[in-house]
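**Student:** Attaching a single structure in structure tokens format; questions to follow.
Protein chains in written order, with the UniProt record's numbering: chain A, 1 to 270; chain B, 1 to 270; chain C, 1 to 270; chain D, 1 to 270; chain E, 1 to 270; chain F, 1 to 270.
Below you can see the structure in the form of structure tokens.
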């Protein structure tokens with residue numbers, strides 16, 4: 001037997017995360033097709049580079065044709081205006097799913113975000129079936145795409161795993177990240193698990209490392225088979241000694257979305 | 001004491017439902033502002049007519065200014081393409097909520113739909129906290145707007161009641177409507193209750209009449225105070241004798257969304 | 001349009017309940033086939049009488065052939081020995097479901113019983129998804145047949161409604177029946193609803209009248225569309241004045257199965 | 001058969017509610033023993049009057065001796081200091097339950113209060129198993145006595161029904177009472193049901209009339225058999241026209257406890 | 001202090017699992033009584049061999065007499081006809097429980113199976129309180145015996161732990177077993193835990209090793225104290241490279257029962 | 001950055017647990033203020049000793065003034081009379097919380113107990129949202145103080161973590177402790193986690209070590225970040241071999257409170 005997949009499309013391949021996935025997912029497929037609006041350097045053996053804008057439907061479809069899985073990580077984790085999501089993010093999501101339908105892709109692994117449920121209080125420890133509570137327009141792109149994925153599963157049989165990535169950075173940078181941190185290596189493990197699980201239907205899973213502190217629960221997502229190996233705990237002494245605690249009554253401390261939930265409306269003057 | 005509201009904006013006022021609301025909601029406000037892209041006839045005393053397209057932000061904001069409640073019923077219950085929702089429905093929803101924020105409107109009553117959760121099986125009897133499972137792109141506009149409403153409540157304190165209207169028609173027209181039917185009068189009662197409830201935060205409620213058959217549950221929405229007075233049951237003998245049963249294994253019979261869940265992709269050739 | 005069904009088979013047709021069903025279900029089908037091991041009197045127009053033992057596979061199959069629905073009420077609500085259930089009740093249940101599969105019957109309405117869950121405490125108010133807790137070998141025949149029905153639905157698409165009949169008698173005879181009583185007329189209504197509901201898959205519903213006291217909950221069975229019209233409440237003054245209360249600490253008062261839960265092992269000497 | 005009880009003790013019999021109970025519960029017992037620290041007028045036939053302070057253990061025990069049920073309604077629904085609850089309310093509760101244990105009383109019906117769970121948000125519609133969230137020291141006396149009742153049930157077999165009375169007044173006096181109102185007649189019905197239910201163990205039930213608006217749920221308390229006959233709905237037009245709405249963002253509008261949840265600390269200077 | 005038990009009866013002792021239990025459970029009891037319909041070789045010191053058919057009541061009772069615990073593993077994990085279960089499996093189960101009752105055995109550890117709940121979808125991750133959804137007649141023997149165990153606990157105080165064994169084999173043989181595999185050693189640990197837990201009442205627990213992938217949840221069975229030490233994960237590279245994935249839309253991939261759920265009716269011609 | 005806290009008050013500092021906390025919590029604060037009614041030896045550098053009775057309000061307030069966190073461990077884990085809890089324990093709890101409010105303490109870590117929920121059956125594995133079921137008057141002091149903490153959080157913004165300590169002893173002393181044991185070191189880890197968690201609101205967490213057997217669940221308390229390192233499992237062979245099993249039907253074996261749940265009324269003659 002050979003590779004698990006013939007060709008995996010990775011969108012957002014020029015980003016930090018995309019770069020890790022590019023280096024890590026190779027063994028799973030005969031070829032990786034890498035897509036970004038930015039340049040992605042030289043193609044390694046087995047790689048195909050497609051520089052285009054995912055919100056361009058024709059280009060997106062051309063990139064999807066011939067792939068049997070999509071790892072959709074394009075997009076930046078920052079607040080943005082409604083006009084921006086309407087122009088870029090929502091069309092990109094549609095193009096991915098509709099492209100998958102038209103060209104026979106069977107599974108999409110989507111980089112959703114904790115900000116899809118960011119207004120749940122920390123002490124509620126929301127699980128993967130908690131209702132959407134987006135904390136930003138950015139979060140709203142995630143809830144929209146999750147619902148789109150749900151529709152494409154229920155109606156057209158495209159499987160999805162929505163990875164609600166919490167805080168994927170080189171190191172935990174503040175106290176909140178002591179629970180929300182996801183190492184790059186664990187992000188890769190999570191993506192691999194989502195690609196390899198025999199059956200996912202429409203599934204949601206939170207992306208954090210094996211941190212003692214956990215303000216979200218994957219209890220109902222164990223079928224994905226994600227087992228993190230890194231932990232924010234080794235960074236705790238440094239973080240606790242250098243970074244002050246937030247006021248526990250502040251919005252940023254109160255809810256799992258952290259500072260995003262306290263971000264102003266993108267159109268408001270700063 | 002005078003009227004409950006100073007000025008209620010009703011969007012979609014030229015539609016069948018909108019017309020009932022126009023005639024019924026008058027006593028709640030000093031003035032009704034009626035909005036539709038279509039003509040709405042003559043203005044009665046206390047009425048203000050605004051003919052415009054809600055997806056036109058400037059026009060929408062102008063219509064919202066001066067209102068203290070919005071009853072947002074614009075839109076047609078039919079499947080539509082992604083490009084259409086991107087151009088019309090999503091911007092209209094944003095304009096309503098962002099207008100409410102900018103001009104101090106405190107409560108929005110939104111005509112969501114059963115199609116926001118249309119893929120839940122009938123025998124699961126989903127309640128108002130069941131996860132989104134849109135059955136169409138139309139349903140996806142409803143899940144998007146519900147999530148938008150959630151964001152505007154959590155972040156900016158705009159209250160919303162999302163009415164998941166099931167089948168609002170003059171009479172039940174098929175066997176599914178024996179559970180899903182909402183009479184026009186009960187739709188008015190539901191809207192009134194949503195406007196008058198002292199506190200709603202972000203709430204969801206299903207819109208059906210008092211039918212013996214019920215494939216959705218309002219058990220967790222009783223704080224709205226909706227009590228229907230009509231019932232599909234009186235129409236049951238006629239419907240049962242004239243209209244054949246669906247195959248219980250068909251998608252249309254299996255899920256609460258009915259035929260919408262079986263509708264083809266809007267871009268596919270018929 | 002004509003009758004809802006071509007031919008309904010009613011098993012246990014010579015019993016009290018069976019007799020009510022025989023008289024009430026006529027309008028739903030072109031023909032009623034009545035089956036019992038006991039004589040059933042004269043056949044009325046539209047009736048077919050089959051006197052046989054349901055545990056006789058060949059006879060059972062012959063009776064099922066040609067029917068498009070089965071109302072399976074055969075069996076007596078009394079404790080019995082394991083050998084008896086092994087010889088009679090379990091084979092009868094199998095024959096009904098396997099016959100349905102072989103001869104294309106699409107829906108079975110099964111007279112299950114409160115004794116399938118009889119050991120749940122009254123103050124827990126079990127709903128239709130509470131785990132099985134049979135209180136007798138009689139109750140065990142009900143849990144077995146419910147599980148058999150579940151298998152035939154999941155695997156072979158035979159729909160079932162399991163009616164967990166509580167206390168179907170002419171009148172409430174003791175204090176427990178003030179919550180558990182089901183009038184004969186309401187039992188008929190319940191059976192009709194189970195036959196007419198557009199989609200049931202595998203469903204369970206409790207059978208009681210509209211009693212103020214309710215120790216079981218149909219909150220998750222509203223899709224069946226059962227609406228009782230009788231009530232034990234009108235009998236309450238008589239029952240309360242004539243019949244003493246049980247010790248609330250006794251097994252019979254403690255659990256929803258009542259006296260059955262306190263019944264001795266059928267093989268024990270009395 | 002004669003009376004349901006030999007002798008019921010009603011505490012708080014001189015209050016408004018107590019007076020209704022005194023006139024209504026007579027038929028359930030051969031004798032009513034009425035207790036209050038205030039004078040209770042003349043004893044009617046079948047009545048025994050005991051004027052004493054329930055926090056006096058000896059007096060309380062003397063009053064309990066010879067009774068077979070206690071309806072414990074003593075206490076005023078108002079905020080009070082910790083020192084006051086320590087001196088009066090908590091000892092009174094203990095004396096009632098310990099007296100019940102020592103003198104063989106088998107059931108206590110206790111007037112608990114919505115303020116035992118007053119900090120649950122209205123839109124959460126808490127049911128009878130929602131965790132305690134007292135909103136005042138008054139509410140804390142209710143949670144304490146409920147827990148005491150739980151202990152006396154689990155350990156010594158004294159049954160209790162804790163009636164979480166919402167707003168028991170002659171008429172709904174504000175918008176909140178449109179959901180929380182309990183008529184005096186319905187309060188009597190509720191108490192009767194709690195006394196007559198065959199088995200209650202440790203049960204909790206909310207006390208409201210049959211109001212369309214309902215911010216609490218008795219779905220899991222139906223075994224008590226309480227069916228209200230009055231409704232705040234008939235008072236709604238008057239209340240809505242005369243009394244302004246609260247700010248939905250205020251604590252009083254936000255939570256089921258209403259104004260109590262906004263009450264200051266009793267020791268703070270006003 | 002000496003052995004935990006005086007004499008443990010192991011049924012199915014000649015099977016693969018039975019053989020492991022025979023070698024592993026010795027230290028827990030003064031004597032092991034081994035039962036199988038097949039020969040079991042030589043008796044080691046402390047062993048007693050009983051070759052008989054468990055469906056023979058007299059023989060079964062004779063084997064049970066004198067034991068204080070039963071480890072009931074008899075039966076083969078394969079689909080079988082209804083007539084076969086009626087003749088063999090159900091009587092064997094009854095004989096075990098009724099024998100336990102008659103001869104004072106206090107605890108039964110029963111080898112139930114994942115096939116008792118085999119039709120739950122993988123992505124639902126059913127826990128130990130999920131409703132029965134048998135996937136075969138084999139699964140139906142498991143649901144029946146679990147309900148029998150429930151009855152014998154509720155009514156006659158015989159404790160049971162039902163081990164829902166998933167895939168007990170020397171090594172994971174396909175992709176599904178990457179979540180469902182239970183090593184022989186972990187099966188022994190699970191059985192030991194079930195025997196040693198101070199209090200089990202009627203408990204259910206899934207039997208898998210410590211696999212990263214988990215499509216069932218023991219979150220509510222932690223009181224048994226089972227802690228697996230083996231893991232399918234070490235076998236994952238081999239399995240993934242040699243064995244193709246199933247179609248995720250196939251029944252075998254969709255539900256936790258795997259291929260059993262897709263097995264034809266045992267009486268159908270192959 | 002310096003210490004996490006300026007001054008932590010530890011009550012009950014002369015007890016076994018208090019002594020561990022005294023030695024372990026030093027690094028978290030610039031100063032530790034130690035309080036007990038008993039002598040506490042010599043003050044180490046950074047320590048302040050306050051010998052007083054917490055039920056003396058003036059003394060308690062004086063001790064609290066100047067602290068920014070309170071670790072409230074005063075009190076002995078033994079059954080006591082109602083009069084005793086009224087005189088000592090309840091006033092002490094009030095003084096701690098009211099002192100926190102008056103002097104600006106933002107977080108309290110409270111040594112609650114398993115006996116707050118002691119009557120839940122072992123096989124129910126109660127989580128941190130299970131209703132109160134106190135098993136003693138001792139347990140009642142814990143439910144009261146938890147409710148008091150809830151009130152002070154909801155109304156005055158004082159955060160609390162209620163540690164439901166199970167069995168904190170040098171070693172597991174009986175079979176129940178194989179699940180309920182909490183080592184002194186893990187108790188310290190638990191307290192540290194409760195102090196350091198960025199946001200706790202009102203939270204509850206069970207205190208046990210990392211034992212294979214677990215009759216309570218912290219699944220919904222993972223935001224606290226407690227990760228035990230000790231385990232009762234290493235003590236299991238000794239305990240199992242030396243200490244007989246309880247009768248599984250006894251109250252002490254049946255419920256999580258163990259022997260406390262079987263303790264007699266403190267006023268009863270022994």
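Think of the CB as a built atom: it goes at the ideal place given N, C-alpha and C, for glycine as much as any other residue. Please read these numbers as outputs of a predicted model, since none were measured by experiment.
Within 7 Å of any Cβ in chain A, is that where the Cβ of residue 152 of chain B sits?
**Tutor:** No, its Cβ sits nowhere closer than 7 Å to a Cβ of chain A.
**Student:** Cβ of residue 117 of chain D less than 7 Å from any chain B Cβ?
**Tutor:** Chain B contact via Cβ: absent.
**Student:** Using a Cβ cut-off of 9 Å, which residues of the region 220–236 of chain F contact any Cβ in chain A, in chain order?
**Tutor:** Per Cβ criterion, the list reads 220, 221, 222, 223, 224, 225, 226, 227.
**Student:** Tell me which same chain residues have a C-beta within less than 8 Å of the C-beta of residue 109 of chain D, skipping the five on either side of it?
**Tutor:** Excluding sequence neighbours, residue 109 of chain D sits near 69, 70, 71, 72, 160, 161, 163, 191, 194, 195.
**Student:** In three-state terms, what does DSSP make of residue 122 of chain C?
**Tutor:** Of the three classes helix, strand and coil, the one that applies to residue 122 of chain C here is helix, per DSSP.
**Student:** Tell me the rounded alpha-carbon separation between residue 13 of chain B and residue 75 of chain D.
**Tutor:** About 54 Å.
**Student:** Could you tell me the distance, in whole angstroms, from the CA atom of residue 221 of chain B to the CA atom of residue 146 of chain B?
**Tutor:** Spanning the two alpha carbons is a distance of roughly 15 Å.
**Student:** With C-beta atoms as the reference, is residue 135 of chain C less than 7 Å away from residue 261 of chain C?
**Tutor:** Yes, the pair counts as a contact, with Cβ atoms nearer than the cut-off.
**Student:** In chain order, what residues of the same chain have a beta carbon less than 6 Å from the beta carbon of residue 141 of chain F, not counting five sequence neighbours either side?
**Tutor:** Excluding residues within five positions, the ones whose Cβ falls inside 6 Å are 85, 89.
**Student:** For residue 200 of chain E, which residues in the same chain have their Cβ closer than 8 Å to its Cβ, ignoring the five residues on either side in sequence?
**Tutor:** Within the same chain, residue 200 of chain E has close Cβ partners 107, 159, 160, 161, 194, 223, 224.
**Student:** Pull up the distance between the alpha-carbon of residue 206 of chain B and that of residue 24 of chain B, whole angstroms please.
**Tutor:** Rounded to whole angstroms, residue 206 of chain B to residue 24 of chain B spans 20 Å at the Cα level.
**Student:** With a cut-off of 8 Å on the beta carbons, I'd call residue 57 of chain D and residue 95 of chain D a contact; round off their distance for me.
**Tutor:** The Cβ separation is near 5 Å, so the contact holds.
**Student:** By how many angstroms is the C-alpha of residue 175 of chain A removed from the C-alpha of residue 126 of chain C?
**Tutor:** The alpha-carbon atoms of residue 126 of chain C and residue 175 of chain A are separated by roughly 44 Å.
**Student:** Provide the residue span of the beta strand (DSSP E) that contains residue 36 of chain C, from first to last.
**Tutor:** Unbroken beta strand (DSSP E) run through residue 36 of chain C: 29–36.
**Student:** When Cβ atoms are compared, which residues of the region 134–161 of chain E fall closer than 9 Å to chain F?
**Tutor:** Listed by position along the chain: 157, 159.
**Student:** Rounded to whole angstroms, what is the Cα-Cα separation between residue 61 of chain B and residue 255 of chain E?
**Tutor:** Cα to Cα, residue 61 of chain B sits roughly 51 Å from residue 255 of chain E.
**Student:** Please tell me whether residue 245 of chain A has its Cβ less than 7 Å away from any Cβ of chain F.
**Tutor:** Chain F, which has a Cβ nearer than 7 Å to the Cβ of residue 245 of chain A, makes this yes.
**Student:** Please list, in chain order, the residues of the region 64–83 of chain D that have any C-beta partner in chain F closer than 7 Å.
**Tutor:** Residues passing the 7 Å Cβ filter: 82.
**Student:** Comparing the C-beta of residue 199 of chain B with each C-beta of chain D, is any distance below 7 Å?
**Tutor:** Chain D, which has a Cβ nearer than 7 Å to the Cβ of residue 199 of chain B, makes this yes.
**Student:** How many angstroms separate the CA atom of residue 143 of chain E from the CA atom of residue 131 of chain E?
**Tutor:** Their Cα atoms are separated by approximately 10 Å.
**Student:** Rounded to whole angstroms, what's the CA-CA distance from residue 103 of chain C to residue 64 of chain C? Just pull it up for me.
**Tutor:** Roughly 7 Å separates the two Cα atoms.
**Student:** CA-CA distance, residue 139 of chain A and residue 267 of chain A?
**Tutor:** So the alpha carbons of these two residues sit roughly 16 Å apart.
**Student:** Hey, out of C:181, C:93, C:248, whose CA is closest to residue 149 of chain C's CA?
**Tutor:** Closest by alpha carbon: C:93.
**Student:** Would you verify that the beta carbon of residue 1 of chain F is, or is not, closer than 7 Å to some beta carbon of chain E?
**Tutor:** Caution is warranted here: a pLDDT of 45 is assigned to residue 1 of chain F, below 50, making its placement in the model unreliable, and no coordinate value can be reported.
**Student:** Is the CB-CB distance between residue 168 of chain F and residue 182 of chain F below 7 Å?
**Tutor:** Going by C-beta atoms, residue 168 of chain F is nearer than 7 Å to residue 182 of chain F.
**Student:** Residue 90 of chain D versus chain F: which residues are under 8 Å apart at the beta carbon?
**Tutor:** Within 8 Å Cβ-Cβ: 86, 90.
**Student:** Starting from the Cα of residue 208 of chain D, find the closest Cα among D:166, D:257, D:3, D:4 and give me that residue.
**Tutor:** Closest option to residue 208 of chain D, Cα to Cα, is D:166.
**Student:** Compute the Euclidean distance between the alpha carbons of residue 281 of chain F and residue 52 of chain F, then round it to the nearest angstrom.
**Tutor:** The first residue shown for chain F is 1 and the last is 270, placing residue 281 of chain F beyond what the model contains.
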